[in-house]
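In the working numbering, the protein residues as written are 1308 to 1757.
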Ligand code: ADP
Ligand code: ASP
Ligand code: MG
């Protein structure tokens, strides 16, 4: 069997859902499990409601919810059979309106935000299941929440793999084995007590790979709006080329450093079983896309050392200078304990004899981190930075790469540079406004176009 995941743009409107039906039909022999994201823009629209709720604006809430329901209704009207999903969607929107009205005048709690954000996937999956059934496929809607059991870290919940594996096998396998097509939600889960959670933004890719691992799938297909993993984000570098193959490691590094096309954790559940991920364009289903699989097979390709360049904006650099750290044991450990205590993830680290620079993306707990780090030395932060990452399995074994890289980055100023422990990436920090220009110049240097 296979897992086929369709992202927001691949279910955005009736023609996208029409193409999805074609893809699923062409995969029937592979016994697909279909995972869908919310219709493009719906998760953002739902999260946008928190502001309206905070202000207690009943009319604005009605208008926004009506617009979201209408997005689904428009698709439903255009596809035979899909209208059967609308009573459930409209009913759930009414319930949501009541739940949100009860919270007027206050900020929503993290658990409530997850309940809200996850509605988009529940609705899109109803719509897609009905559209597939209307097209004559034996599709059946499956609620992922009792299967995708997670911890209660709302907004970035972690799955409980043993329960997930057992329940996915118990609930989904009999369906695929009977020739039915389960249609379920990406992104969402629930705690063991049944409270709704989400796996973090862009998390539907992760859902697909978790199910792929649990069900020992032959492959996991990620259907999106580009031809695959590319040498750079085509929105930044229009001439970016599609990679035909990439390793799990490369995909993970690129995703961590900003290549939105895959959630950073996507490859992780599949590594042990060596299950391939194929990234495909739902508007061009015949394009071969990118195949992501174990690195051993790739090293034989002998490509250019760099495979792709990614960047991520909204980065803050935290610098700690402590003359005492010179020759002192335990300084780094004490520093990392601060980040660990406040659950703040560090992306890039560079250190000299008396100072350490680290980058963080999530600023929510930064003030307490800075306060606690202040006990170790002088701390200062720099905002509006971007991380640029040059990734490729060949970086390990190519001398002189740093010189080419610095030549290309000029005249932008590089502030922190680091080579990942895996030695397949070089990352550095630049001012946010320099990010796109730096990516284009690096693309010119390593791929001959920008
Ligand atoms: P989906 O809704 O299908 O999950 P996303 O918007 O999450 O799609 O991801 C696809 C987008 O990722 C592309 O439209 C592209 O702009 C962006 N992207 C960023 N870096 C890359 C890259 N290296 N290769 C391909 N796409 C990339
Ligand atoms: N709909 C969710 C988001 O926008 C999950 C996803 O698309 O993967 O983040
Ligand atoms: Mg995505």
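Beta carbons: idealized from backbone N, C-alpha and C, even for Gly.
Residue 1713 is classed as exposed because its beta carbon has fewer than 16 other beta carbons within 10 Å across all chains shown.
The region 1734-1743 makes contact with the region 1716-1723: 3 or more CB pairs, one atom from each, lie closer than 8 Å. Placement of the Cβ of residue 1535 at a distance of 7 Å or more from every heavy atom of the ligand MG is found. A direct Cα-to-Cα measurement between residue 1717 and residue 1710 gives close to 11 Å. In this structure, the C-beta of residue 1428 approaches the ligand ASP to less than 7 Å from one of its heavy atoms. Residue burial is scored here from C-beta neighbours: residue 1377 has fewer than 16 other C-beta atoms within 10 angstroms and is therefore classed as exposed. The three-state secondary structure of residue 1713, taken from DSSP, is helix. Proximity of the region 1357-1365 to the region 1335-1349 falls short of the contact definition, fewer than three beta-carbon pairs being nearer than 8 Å.
Secondary structure of residue 1733 (DSSP, three-state): strand. Taking the C-beta atoms as reference points, residue 1580 is found no nearer than 8 Å to residue 1310.
The beta carbon of residue 1437 lies closer than 6 Å to those of 1388, 1389, 1391 and 1392 in the same chain, with the five residues before and after it left out. For residue 1537, the three-state secondary structure derived from DSSP is strand.
A distance criterion of 7 Å places the beta-carbon of residue 1349 beyond contact range of the ligand ADP, judged by its closest non-hydrogen atom. Taking C-alpha positions only, residue 1747 is separated from residue 1543 by approximately 7 Å. Cβ neighbours of residue 1476 within its own chain (closer than 7 Å, five residues either side excluded): 1521 and 1522. Short of 6 Å from the beta carbon of residue 1646, and not among the five residues preceding or following it, lie these beta carbons of its own chain, in chain order: 1653. Unbroken beta strand (DSSP E) runs of no fewer than 3 residues, entirely contained in the region 1469-1556, are found at 1488-1492, 1495-1498, 1503-1505, 1526-1531 and 1552-1554, following chain order. Distance from residue 1582 to residue 1526 at the Cβ level is roughly 6 Å; contact confirmed, criterion being Cβ atoms closer than 8 Å. Boundaries of the beta strand (DSSP E) around residue 1628: 1615-1628.
8 Å or more divides the Cβ of residue 1691 from the Cβ of residue 1675.
Ordered along the chain, residues surrounding the ligand MG are 1314 and 1509 [Cβ under 5 Å from any heavy atom]. Residue 1629 has its alpha-carbon roughly 18 Å from the corresponding atom of residue 1666. Beta-bridge partners of residue 1313 (DSSP): 1343 and 1530.
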